[in-house]
Amino acid sequence: MNRILLIIFLIFSTGASAQIFRPNLQVGQDESALAIQYYQEGDYEKAAVLLEKLFLKPNSEGYFDLYFNSLLKLKQYDQAEKLVKKLLKQNPSNDAYPIALGKLYQEKGDTQNAGKIFNEVINKLPKDEFRIRNLANSFYRFENYEFAVQTFKQGRKLLGNDQLFTFELLNIYRFKKDKPMLMQEYLDALPSIPQILTQAEAVLPMIFEDKTDYQAFQTAILRKIQKEPDVEIYIQLLTWNYIQQQEYDMALRQLIAFDKRTKADGGTLFNSISTFVDNGAYETAIKAYDYLLTKGKDNQYYLPSKIEMLNTKYNMQTSGKYAVSDLDLLAKDYQSLIDENGKNKNTLFAIKKLANLRAYYLRQADQAEKGLEEALQIPGLTVQDVGQLKLDLGDIYILTNQPWEAFLAYEQVSKQFEGQPIGNEARFRSAKLSFYQGNFDYSNGQCQVLKAATSQLIANDALNLSLLITDNIQTPTDSNALKMYADAEMLIFRNLPAQAIKKLDSIAIAFPNHGLADAVLMTKARILIKSNDFQKAADILKKVTEEFKDGIWTDDALFTLGDLYEKKLNDIAQAQLYFQKLITDYPGSMFSAEARKRFRSLRGDGV
Numbered sequence: 009m010n011r012i013l014l015i016i017f018l019i020f021s022t023g024a025s026a027q028i029f030r031p032n033l034q035v036g037q038d039e040s041a042l043a044i045q046y047y048q049e050g051d052y053e054k055a056a057v058l059l060e061k062l063f064l065k066p067n068s069e070g071y072f073d074l075y076f077n078s079l080l081k082l083k084q085y086d087q088a089e090k091l092v093k094k095l096l097k098q099n100p101s102n103d104a105y106p107i108a109l110g111k112l113y114q115e116k117g118d119t120q121n122a123g124k125i126f127n128e129v130i131n132k133l134p135k136d137e138f139r140i141r142n143l144a145n146s147f148y149r150f151e152n153y154e155f156a157v158q159t160f161k162q163g164r165k166l167l168g169n170d171q172l173f174t175f176e177l178l179n180i181y182r183f184k185k186d187k188p189m190l191m192q193e194y195l196d197a198l199p200s201i202p203q204i205l206t207q208a209e210a211v212l213p214m215i216f217e218d219k220t221d222y223q224a225f226q227t228a229i230l231r232k233i234q235k236e237p238d239v240e241i242y243i244q245l246l247t248w249n250y251i252q253q254q255e256y257d258m259a260l261r262q263l264i265a266f267d268k269r270t271k272a273d274g275g276t277l278f279n280s281i282s283t284f285v286d287n288g289a290y291e292t293a294i295k296a297y298d299y300l301l302t303k304g305k306d307n308q309y310y311l312p313s314k315i316e317m318l319n320t321k322y323n324m325q326t327s328g329k330y331a332v333s334d335l336d337l338l339a340k341d342y343q344s345l346i347d348e349n350g351k352n353k354n355t356l357f358a359i360k361k362l363a364n365l366r367a368y369y370l371r372q373a374d375q376a377e378k379g380l381e382e383a384l385q386i387p388g389l390t391v392q393d394v395g396q397l398k399l400d401l402g403d404i405y406i407l408t409n410q411p412w413e414a415f416l417a418y419e420q421v422s423k424q425f426e427g428q429p430i431g432n433e434a435r436f437r438s439a440k441l442s443f444y445q446g447n448f449d450y451s452n453g454q455c456q457v458l459k460a461a462t463s464q465l466i467a468n469d470a471l472n473l474s475l476l477i478t479d480n481i482q483t484p485t486d487s488n489a490l491k492m493y494a495d496a497e498m499l500i501f502r503n504l505p506a507q508a509i510k511k512l513d514s515i516a517i518a519f520p521n522h523g524l525a526d527a528v529l530m531t532k533a534r535i536l537i538k539s540n541d542f543q544k545a546a547d548i549l550k551k552v553t554e555e556f557k558d559g560i561w562t563d564d565a566l567f568t569l570g571d572l573y574e575k576k577l578n579d580i581a582q583a584q585l586y587f588q589k590l591i592t593d594y595p596g597s598m599f600s601a602e603a604r605k606r607f608r609s610l611r612g613d614g615v
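Start counting the sequence shown at 9; every next residue gets the next number (the numbering used here).
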């Protein structure tokens with residue numbers, strides 16, 4: 009029995025029935041282990057000799073499967089038939105033995121007698137869920153999947169419940185890659201078991217081979233919707249199916265049609281829009297929010313839609329290459345929202361977004377500074393809100409050439425939230441500020457403290473910065489190269505990527521033998537990712553992984569490659585490759601746990 013079958017068998021089996029076929033390793037443990045080893049290695053002659061000896065001992069029925077299959081592999085059909093008929097006389101109520109006899113006939117090419125035995129056993133099934141499961145398990149163990157399916161379907165008829173055995177049938181169809189039946193089973197089950205929608209969305213892409221499979225599924229879903237137009241779960245599934253084909257406007261059309269047909273309040277649509285945003289379909293998301301806004305101000309989703317539409321525009325217009333004119337209009341929209349609703353804790357998000365636009369995109373850092381300083385006076389803010397505002401204000405003080413004010417803001421938050429994530433973030437920003445200024449010793453000291461931070465991400469960032477400093481201040485030449493690199497990082501902070509790349513390129517000209525090559529490549533990759541040049545970024549990251557196998561950035565580069573190939577370049581095989589390399593070659597990396605999780609998800613484990 010191969011490993012997959014064994015796992016599924018153990019899932020299906022229940023109670024005492026499972027013990028009939030489980031080897032009792034207390035009986036001749038050494039012989040048992042050796043017999044199993046021979047069987048797994050395909051040495052069936054040696055396996056059969058030991059398994060016969062083990063099977064003849066008392067209470068050793070668990071060796072039957074291995075012994076019987078060894079005889080079949082050796083084509084010792086007479087001996088196998090004699091064995092199974094003897095067991096049938098001794099245990100006439102055990103369904104496993106007639107199934108084994110049928111399997112023997114199949115092996116001999118006598119499919120007629122095999123089918124007769126199988127059908128007789130199924131037709132004699134009582135209205136007993138336990139017996140039905142056991143019989144299906146027996147078919148499964150002997151690789152008679154169609155009869156296992158037939159058993160479960162007969163069980164549904166006998167028990168008068170079409171929802172029984174859903175998960176077992178899904179497992180069989182998935183294992184067999186039976187796409188039509190798997191699709192149908194999900195469609196039949198979803199209205200009564202809506203929680204398996206997530207499973208369906210994970211499993212189906214693993215067996216769908218091309219767009220024709222999604223189109224076939226689409227047709228099947230639409231048939232269901234025609235029969236049951238008000239079943240929301242089908243609309244959700246159809247939306248997902250369109251999204252897999254990147255047909256975002258079609259997905260939106262279905263959602264709007266459902267909303268109008270059911271005269272709903274827009275809730276289903278509102279909850280689905282985040283999927284468009286997550287897939288970068290910003291224009292479709294904006295159309296969806298526009299539709300919800302037509303429902304009027306009294307609708308509960310009016311203000312949330314207006315807010316999320318602005319945030320979606322922000323994500324769209326600050327992603328990749330942006331137009332200042334578009335961002336200027338967006339800033340005016342945020343200002344209108346603030347003017348309409350006042351400056352309060354409910355509009356704090358808009359105040360912060362507006363400040364960000366002004367500071368990093370519109371070159372209006374003075375206005376951004378004023379906006380955040382006024383926001384600190386809003387009554388009713390939580391201490392965490394105030395702390396985050398001070399951090400953002402500290403960043404803007406750097407842009408307005410007030411590094412001392414920035415340092416003070418970071419220090420206030422660091423002391424007020426000592427040991428908490430926001431406090432650690434403040435300390436790290438202070439370390440970065442010192443780094444920008446070329447004060448490497450102080451920056452390194454702050455990083456040394458942060459290496460013990462409870463936030464793994466902050467601890468990793470601090471460790472990397474500390475190693476970067478330590479490795480590049482050994483000589484005056486190293487220090488001068490590091491100062492140029494810090495200048496480039498400062499330009500990135502100011503959102504001046506083109507100038508940052510020029511500065512990075514100039515390091516190798518000024519200092520040909522500098523030790524910052526991997527750091528420079530990683531920084532260029534980050535710039536390219538932000539500008540949506542994903543393939544160019546991937547090419548640079550590959551250089552990091554190939555040329556700097558012992559560098560401080562290699563595990564980071566591997567994880568970023570896996571993430572890019574999974575989410576941006578749509579190459580699952582490459583994503584798995586890089587996640588697996590990270591897990592194997594860098595098990596101590598902070599990214600290894602997440603890489604393992606992502607790798608297993610892409611492979612389909614546990615679904």
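Glycine residues also receive a C-beta, built at the ideal position from the N, C-alpha and C atoms. From a predicted model like this one, the values you see are computed outputs, not experimental measurements.
Q: Please confirm whether L380 and L401 have their CB atoms less than 8 Å apart.
A: yes
Q. Quick one: is Q254 near chain B, going by C-beta distance under 8 Å?
A. Looking at the structure shown, chain B is missing, and only one protein chain is on hand.
Q: Taking F151 as the reference, give the member of R141, L172, K124, I180 with the closest Cα.
A: The question names Phe, but residue 151 is Glu in the sequence shown. It is I180.
Q. Can you name, in chain order, every residue of its own chain whose Cβ lies under 7 Å from the Cβ of G446, other than the five neighbours on each side?
A. Counting only Cβ-Cβ distances below 7 Å, and skipping sequence neighbours, we find K491, A494.
(Q) Just to confirm before moving on: does the CB-CB distance between S422 and G431 stay below 8 Å? (A) yes
(Q) Ignoring anything shorter than 4 residues, give me the alpha helix (DSSP H) runs that lie fully in the region 338-389, in order along the chain. (A) 356-368, 373-383
Q | C-alpha distance - F556 paired with Q262, whole-angstrom precision | A | 50 Å
Q) For the putative contact between Q588 and F607, defined by C-beta atoms under 8 Å, what is the C-beta separation to the nearest angstrom? A) 6 Å
Q) From what residue to what residue does the alpha helix (DSSP H) around R604 run? A) 600-611
Q.
Tell me which residue opens and which closes the alpha helix (DSSP H) that W412 is part of.
A. Segment 411-424, the alpha helix (DSSP H) holding W412.
Q.
Output needed for D374: all residues of its chain with C-beta closer than 8 Å, excluding positions within five of it in sequence on either side, in chain order.
A. T408
Q | Contact under 8 Å by Cβ, Y85 with L112 | A | yes
Q. Alpha carbon to alpha carbon, how far is A224 from G275?
A. 28 Å
Q) What is the C-beta distance between A43 and L58, in whole angstroms, given that I count them as a contact (C-beta under 8 Å)? A) 4 Å
Q: Mind checking which residues open and close the alpha helix (DSSP H) that includes R534?
A: 525-538
Q: Would you mind stating whether S78 and Y105 have Cβ atoms separated by less than 8 Å?
A: no
**Q.** Whole-Å CB distance - I580 paired with L610, under 8 Å assumed
**A.** 6 Å
**Q.** Beta carbon of L80 nearer than 8 Å to that of E115
**A.** yes
Q) From this set, Q171, E176, A414, which residue's C-alpha is nearest P202's C-alpha? A) Q171
Q: Could you work out which residue in Y573, F567, K576, N578 is closest to P595 when comparing CA atoms only?
A: F567
Q: Please state whether DSSP places Y153 in a helix, a strand or coil.
A: Note: Y153 maps to helix in three-state DSSP.
Q. With 16 other CB atoms within 10 Å as the buried threshold, where does G163 fall?
A. Note on G163: 16 or more other CB atoms within 10 angstroms of its CB, so buried under the neighbour-count rule.
(Q) Let's test the definition: count the other Cβ atoms within 10 Å of the Cβ of A296 and tell me whether it reaches 16, buried, or not, exposed. (A) buried
Q) Among K235, E236, Q584, D526, which residue has its Cα nearest to the Cα of A565? A) D526
Q) With distances taken from CA atoms, which of Q464, Q252, H522 is nearest L476? A) When each option's Cα is compared against that of L476, the closest is H522.
Q.
For a quick check, are the C-beta atoms of Y242 and I233 less than 8 Å apart?
A. yes
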